[in-house]
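For reference, the structure discussed in these notes is given below.
In the working numbering, the protein residues as written are 784 to 1010.
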């Protein structure tokens, strides 16, 4: 955790260990991938220079995802910050510029949402005036209705709300396929792990899916820099 009492905005990275993530996301052999995604996200967060807090399953409190996430947000607000930028660890294309854009927008906006293509969001920037613990805990978390539900809940007009560019997050195996079929730029370590997961599927079923270039399957997993 990094603290800066002069800043009015803090970042919350709400991300479990890779082993814990696999209990909720059916991506076979994905523990190393989620650990690497957390490392990547922390690296982008650190580049912002903003105070940040990383809460794993060890620090989270609550029975449901909604309770744990909502309680984590409240913990940060209780430290005196006016706004919070929340992030997960499942968006490979998240970059420092997305976070800094949200930070800049929160100076004049009450809510900034980075939508994920599955109906949720990969980033939420929210002012304390728009955060209500009970209502947020009862949102349809981890469903395709989440983004719309947040929009319906918060009391802001269009002039106080901004949407960032949509990104793909990783919740199940078809997200691995979508990422590899639509994008060609990844941090090397993440690309290596994505392809490794795909390769194991290919070996299991005995064919190369048409959605992916076969040259991806020949990326060496144990050579070169993991950066």
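No residue lacks a Cβ here, since even glycine has one placed at the ideal position from N, Cα and C.
Just so you know, these numbers come straight off a predicted model, no measurement behind them.
In terms of CA proximity to residue 905, 868 leads the group 868, 889, 923.
Within 10 angstroms of the beta-carbon of residue 827 lie 16 or more other beta-carbons, which makes it buried. In this structure residue 796 touches residue 872 by the C-beta definition: roughly 7 Å separates them, less than 8 Å.
Under the three-state reduction of DSSP output, residue 915 falls in the coil class, being neither helix nor strand. With respect to residue 908, residue 900 sits apart: the two C-beta atoms are not nearer than 8 Å. DSSP, reduced to helix, strand and coil, places residue 920 within a helical segment of the structure shown. Pairing residue 884 with residue 820, the inter-Cα distance amounts to about 21 Å. Counting every other CB atom within 10 Å of its CB across the protein chains shown gives residue 813 a total of 16 or more, marking it as buried.
Less than 8 Å divides the Cβ of residue 794 from the Cβ of residue 833. Inside the stretch 848-882, DSSP marks whole alpha helix (DSSP H) runs of 4 or more residues at positions 848-860, from first to last along the chain. Nearest Cα to residue 824 within the set 806, 916, 877, 790: 877. Around the beta-carbon of residue 862, fewer than 16 other beta-carbon atoms lie within 10 Å, marking it exposed. Buried is the label assigned to residue 792, since at least 16 other Cβ atoms lie within 10 Å of its Cβ.
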